[in-house]
Amino acid sequence: MSQKPTNKTTWRSLQDLADTPEFRAYAAQEFPGFSNIYEGIGEAQLAGETTLNRRKFLALSAAGLGLAGLAGTGCRRPDFEILPYTKTPDDVKYSLPTYYATSVPRASGSFPILVESHTGRPTKIEGNPSHPLSGGSSDTLAQASVLDLYSPDRSVEVLKNVAGTSWAPTTWGDFEAFAEGHFAAYRGDTKGEGLAILTDGVPSPAFELAWAKFTEAMPKAKLYRDEPINSSNAVAGTKLAFGEALQVCPQFDQADRILSLDCDFLGLEPNEVGNTKAYFAKRRPEKIDAANRKLVAAVNPDFKMNRLYVVEPTFTITGTMADHRLRLPSSHVADYIVALATKLGVKPELTAELSKKTVGVKIPSEWIDEVAKDLSAKDVKSLVVVGQRQPALVHALAAAINESLNGAVKYRAIPESKAGTLADLVAALKANSVKTLVIFGGNPIYTAPADYTLADLLAKVPTVIHSSLFVDETAEQLVAKKPEKGDRWHLPLTHYLETWGDTEAFDGSYLAIQPLIAPLHGGASEPVNTANVPTATSSPRGGRSVLELLVQFSAYKDASSSVQAAREAYNLVKESFLAKWKATNPKETDSNAQDNAWKQFLHLGHLPGTARPFVTKPVAIAAVTKAVADYTPAKPVSASNRELSLHVDYRMYDGRNLHNTWLLELPDPVTKLSWDNAAILSPATAKELGFGAADGEHVRSSGVGEVIELRLGNAEGAYTLKLPVFILPGQADNVISVHLGWGKLRVTGISEGGGYNAYPFRTSANPYFATGLEATKTGETVAVACTQEHGVIPEQRVLFEQFGTLSEYKHALEHHEHHANETAKHGKDDHKDHDHKHDDHGHDHSHDHDHAHEGDHGHAHGHDPKKNMQAGYDESVHKGDKKEYRRLSLDLSYPELLDSHHQWGMVIDLNACTGCSACMIACQSENNIPIVGKPEIIRNREMHWIRLDRYFTTDVGESADEPHIVNQPMACVHCEMAPCEAVCPVNAAVHSPEGLNLQVYNRCIGTRYCANNCPYKVRRFNWFNFNLRPINELRLGVLASKKEMADTLQMQKNPDVTVRGRGVMEKCTYCVQRIERGKIGAKLKATAAIGTDGRYSKPADPKKAGYALVEKNGRTGVIVPDGVITPACAQACPSEAIVFGNVADTNSLVYQLKQLNTDYLTLGELNVKPRTSYRPRLRNYNPAMLPKKSETKEATA
């Protein structure tokens, strides 16, 4: 059952697609979905809700008046006491942060980063520009990891089981006394027999060195590694295809045609940042000199745009970027590649075996015939990539196809691991051969397959020592399961920013992990005497690293104390480094050279030249052929045989981020759900199950809040889960997708949210998908926070542009009138975007109309205000014409003039934006943006300065079941004629001479006129003291249990940015603190370059000084070089979709991009002259697949 054809080409949700009068009224409200707003108490009543009636309102109002009396004044801001240093330390420079290179540990390949530190406090994560896999960019999870360091919920005390069923705090001293005798026994006659270590899969040469020394003392001890999300299927596939374990290294920057099979290589697959950079190297038509930030050509004459085919069950980040996308159940991806390999005729013997297989699932014919033809086309470099969720056979067949096509893929050898797997540990536990188990990191009881019954097995182990960053499910279950005998210990673990270590990146290059701060909570325990001096029994609190604990357990070099263990752990890291360095410098023996190399290693954060080399291996066709012979096609997924598909979550990952409130509140890139996960259904499946408001045969809502019950398994081992549904166009029919990593929320002061735990659905045989799912509508509803309809622009406006082919894009560059605003010509029709596509014969009829209508983007007839606005930054274009710079001002004595030699602007390339949300977390970290909690998100009160709008797009008349997706980041666009400024009664919204739309927090009285007058809906209001109050107690005011921010959270705040309080409006500032820092730094550098006495003077030779100068109003100004100033969003973006700079500088990249005819202004027809412009979305359709409607056939190989 499909959704009805539609005349709308762009829509946010099924409600928007239905476009009912009710939805239009909903979107037009300031607070959609609420019928009564009580601003004085910060309360709002949901439409149809009767709980907040007149009586309750009066009671709350009275309480509010009472609280106002207690506080002295209702809106008075809290007082803060500020004490100065009596003497500032020599190494403390408040004006400048310092940066250190380190790495985020990851099992799939650690990520190299730079960490910004203010007076010894790490506050912000950036990518390491000196490492090729980062290039200065980062991702969402890396950006958010700094918050874990300061989380008030971190484990800070040693815990020991009491009466077998609960934890009680104790000291490191008590544990060390226990450990000394306990592990001494293992170092004796038993030689470690019965001792097992379970750790994560993060690669670390120093750990391997420590383990080697550990086994010298206890040779019979066993090491096991476990990662719930891993590459075991891919490794097994390479073993099948090549006879040995290899790492698949796709070369996306060389691929002309890419087929992605359930592979989110732009999202959560290994090396997603490196993949993103490489993929978009073949996606951007313009030729840019990146080193000098210059636009060389609007279209690179040698450019050959890649084409992306995606086969997947639910929308992923990679799927949103697809040129062609097939929604297919996960269990049928193997069937698809069998059919495709047969069509390609990989090898005669393999093809003969493939031809014996009959695939029962119906696959659109063009997805076999035309895709095979395109992949094997002459002079085309093709690539087939497979996701970690798919079985080994699919990976092996992909390797065979890539070899036959001379595909854009390489391989690296994987060092053989001597550690056992979780399955091996389970076998040992069942055999009762484990007497002591030490768990370093991870959360195995939570993530282990259900059929392992790990919690029950651990209850039988005499001694279990668990070390982690938080008290998680594993810690809880260790005592909740009533251990039969022995001891249970929980040890706090250090954060990676607090400890020494080493690791390896995806390419095998050697990375540093170095501490930026001493372990938090690491001081002495509370003293017991009146002299305020720690007693002899006091011991340190805080965490220890895995290396330190391993050294201490093994008594390596007699390291019996924590101080000695820390020292030896550092020495192990240095020893590991020297071994790597000597391997790349075998002839260097000078000790000074070694010391310098160590310092350089810490400075760079990595050791160049240590990436593992590529290897060349032929595919073992005979082995693959045998595996195909053993393959049985899957039973077709249907209404009677539904599939459950389990996915890694973009925010929680495998559940390790369930304590991170930034990620909990971050909307999902596709569903836009916040604080929860859901069961994702297609509209057809939802209709069959009775979800979503129906219009005849078609679903008209996303069903958010309706509850479904899922049941999988048999009578002996079935698991049932109730959770809300989300109806997603583009979801495969009869497939219900649920994201892993959610469950019980363990965040102090927050009780709502956390989602639903889907891990019990996983089994060792079917860890990612299984058929036979039973689904039932319960009739219940739950509150769900979803931001997909927040910030809806109700009027039918031009929001973005897109092209279907490169030739259309080139044509638009040469004939800008074909891109003129459709709204200005046709009025308020249903075209929210410009979508240029071909007819059945590839002809572009979008240019057959007469486009000679008024202006560009709705401006006045006869000239081009877009070009006027851009060229207007250059005073030479309008010599002496101050009208180009003069603006209306409330302060008539000082007219606001755009007369600075810096005029800041931004270009966002929708062709490169994947919607990954790294920019949102980077902005939150940089600008001290608070979380507000699930109830306030429901009330449309999120505080994110960037809103990532996700739009579905379809052709007129096409079914809504097969949409494309376009992502559009939307923040304050810094309008020159800003509507918000004109309505502010206290002049809190003002304009700077550099073109910035500023918000003066001390003036703001919270009228919210500016937010109501903003056409882009990007202003955010502090309804409460979100930074100071617990989320559960926002409405208690001065009666809240806590009236200030947690001490550790205060340490994370950026001192260059004001922490806003209640009643203040805020928004994007283009990171004005970075702008000012860059301007001051440039001036100081220019001064130093000409050797003055510290006072700035005009150099005789500006080129020699390295800085361009400008004379204006009798003053000499330093023009900041292009690229020196980068906002947090642009710096984090892995696809480099955001370009920022001085649009008054004709040599800047942002100026040059704005001169392209395809650069456009969102809502430009309003004539507010936004400083942020956009570049269109460009697709590369296969003409043979575009015009014909998909015909299905039974694919027979």
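First residue of the sequence shown? That's -11 in this note's numbering, and the numbers climb one at a time after it.
Beta carbons are placed, not taken as given, at the ideal position from N, Cα and C, and that holds for glycine.
*Consider the C-beta atom of Asn1010 and the heavy atoms of the ligand NAD; say whether any pair is separated by less than 7 Å.*
Summarising the ligand content, the structure contains no ligands, and the ligand NAD is consequently not present.
_Between the alpha carbons of Ile934 and Gln912, how many angstroms are there, rounded?_
Using only the alpha carbons, I get a separation of about 9 Å.
*Sort Asn745, Phe303 and Val299 by Cα distance to Leu316 and report the nearest one.*
Ranking the options by Cα distance to Leu316, first place goes to Val299.
*Out of His962, Val978 and Trp355, state which residue places its alpha-carbon closest to the alpha-carbon of Glu969.*
Nearest of His962, Val978 and Trp355 to Glu969, Cα basis: Val978.
*Contact between the segment 467 to 479 and the segment 99 to 113: three or more CB pairs below 8 Å?*
Taking a cut-off of 8 Å for Cβ pairs, the segment 467 to 479 and the segment 99 to 113 do not touch, as fewer than three such pairs fall below it.
_So if DSSP puts Thr995 in a beta bridge, which residue, or which two residues, is it bridged to?_
Answer is none; Thr995 lacks a bridge partner.
*If I'm right that Phe494 touches Asn259 with Cβ under 8 Å, what's the distance once you round it to whole angstroms?*
The beta-carbon distance between Phe494 and Asn259, rounded to whole angstroms, is 4 Å. This is short enough to meet the 8 Å contact definition.
*Would you grab the beta carbon distance between Asn294 and Lys265 for me? Rounded to a whole angstrom, and I think it's under 8 Å.*
About 14 Å separates the CB atoms of Asn294 and Lys265; that is not less than 8 Å, and the two are not in contact.
_Which residues does DSSP list as the beta-bridge partners of Ser626?_
Bridge partners of Ser626: Asn629.
_Given a cut-off of 8 Å on the beta-carbon distance, is the pair Ala229 and Val612 in contact?_
It is a contact, given that the beta carbons lie within the stated cut-off.
*Taking 8 Å as the cut-off, decide whether the C-beta atoms of Arg109 and Met1033 are in contact.*
The criterion of a C-beta distance shorter than 8 Å is not satisfied by Arg109 and Met1033.
*asked:* What does the alpha-carbon distance come out to for the pair Gly307 and Val658?
replied: Answer to the nearest angstrom: the Cα atoms are 10 Å apart.
_Per DSSP, the bridge partner or partners of Arg1163_ = According to DSSP, Arg1163 bridges with Asp897.
*Taking Asn1010 and Arg1062 to be in contact with their CB atoms under 8 Å, please state how far apart those CB atoms are, rounded to whole angstroms.*
Actually they are not in contact, since the Cβ atoms of Asn1010 and Arg1062 sit about 23 Å apart, beyond 8 Å.
*On the premise that Phe458 lies in contact with Ser143, defined as a C-beta separation below 8 Å, what is that separation, rounded to the nearest angstrom?*
Contact holds; Cβ gap of about 6 Å.
_Could you tell me the alpha carbon to alpha carbon distance between Ala506 and Gly593, rounded to whole angstroms?_
Here the alpha carbon of Ala506 sits roughly 19 Å from the alpha carbon of Gly593.
*Does any C-beta atom of chain B lie closer than 8 Å to the C-beta of Asn990?*
The structure shown has no chain B; it contains just one protein chain.
*Could you check which residue in Asn916, Met931 and Tyr1148 has the C-alpha nearest to that of Lys1041?*
The residue with the shortest Cα to Cα distance from Lys1041 is Asn916.
*Tell me whether Leu410 is buried or exposed, calling it buried when 16 or more other Cβ atoms sit within 10 Å of its Cβ.*
With 16 or more Cβ atoms within 10 Å of its Cβ, Leu410 is classed as buried.
*asked:* Quick check on Lys470: buried or exposed, where buried means 16 or more other Cβ atoms within 10 Å of its Cβ?
replied: It is exposed - the Cβ of Lys470 has fewer than 16 other Cβ atoms within 10 Å.
*Mind checking which residues open and close the alpha helix (DSSP H) that includes Phe166?*
Taken as a continuous stretch (DSSP letters only), the alpha helix (DSSP H) holding Phe166 covers Trp160 to Arg175.
*asked:* Which runs of the beta strand (DSSP E) at least 3 residues long sit entirely within the segment 925 to 963? Give them in chain order.
replied: Note on the segment 925 to 963: whole beta strand (DSSP E) runs with a minimum of 3 residues are 935 to 941 and 952 to 958, in chain order.
*Length-filtered (4 minimum) alpha helix (DSSP H) runs lying within the segment 1013 to 1069*: At a cut-off of 4 residues, the continuous stretches assigned as alpha helix (DSSP H) that sit fully inside the segment 1013 to 1069 are 1035 to 1040.
*Which partner residues of Arg272 appear in the DSSP bridge assignment?*
Answer by DSSP bridge pairing: none, since Arg272 is not bridged.
_Given this structure, state the Cα-to-Cα distance separating Asn573 from Pro140, to the nearest angstrom._
The straight-line gap from Cα to Cα measures roughly 45 Å.
*Where Asn1170 and Ser248 are concerned, what is the direct C-alpha to C-alpha distance, given to the nearest angstrom?*
Using only the alpha carbons, I get a separation of about 16 Å.
*My understanding is that Ile896 touches Thr1114, with C-beta atoms under 8 Å, so please give their C-beta distance in whole angstroms.*
Contact annotation, Ile896 with Thr1114: C-beta distance approximately 14 Å; criterion of less than 8 Å not satisfied.
*Can at least three beta-carbon pairs, one atom from the segment 191 to 202 and one from the segment 213 to 230, be found at a separation below 8 Å?*
At 8 Å Cβ cutoff, the stretches do not touch.
_I need the straight-line Cα distance from Thr759 to Gly597, nearest angstrom please._
So the alpha carbons of these two residues sit roughly 47 Å apart.
*Nearest-angstrom beta carbon gap, His635 and Thr902 [assumed within contact, 8 Å]*: Incorrect: roughly 17 Å between the Cβ atoms, too far for contact.
*Check whether the Cβ atoms of Glu1054 and Arg991 lie closer than 8 Å to each other.*
For Glu1054 and Arg991, no; Cβs fall outside 8 Å.
*Euclidean distance between Cα positions of Phe541 and Leu466*: Each residue's alpha carbon lies about 21 Å from the other.
*My understanding is that Gly729 touches Leu652, with C-beta atoms under 8 Å, so please give their C-beta distance in whole angstroms.*
For a cut-off of 8 Å, the C-beta gap from Gly729 to Leu652 is around 11 Å, too long to register as a contact.
*Tell me where the beta strand (DSSP E) around Leu342 begins and ends.*
Where Leu342 is concerned, there is no enclosing beta strand (DSSP E), although the alpha helix (DSSP H) around it starts and stops at Pro336 to Leu342.
*CA-to-CA distance, Trp650 to Trp663, given in whole angstroms*: In a straight line, the C-alpha of Trp663 is about 10 Å away from that of Trp650.
_So for Asn420, helix, strand or coil by DSSP?_
Coil, per DSSP.
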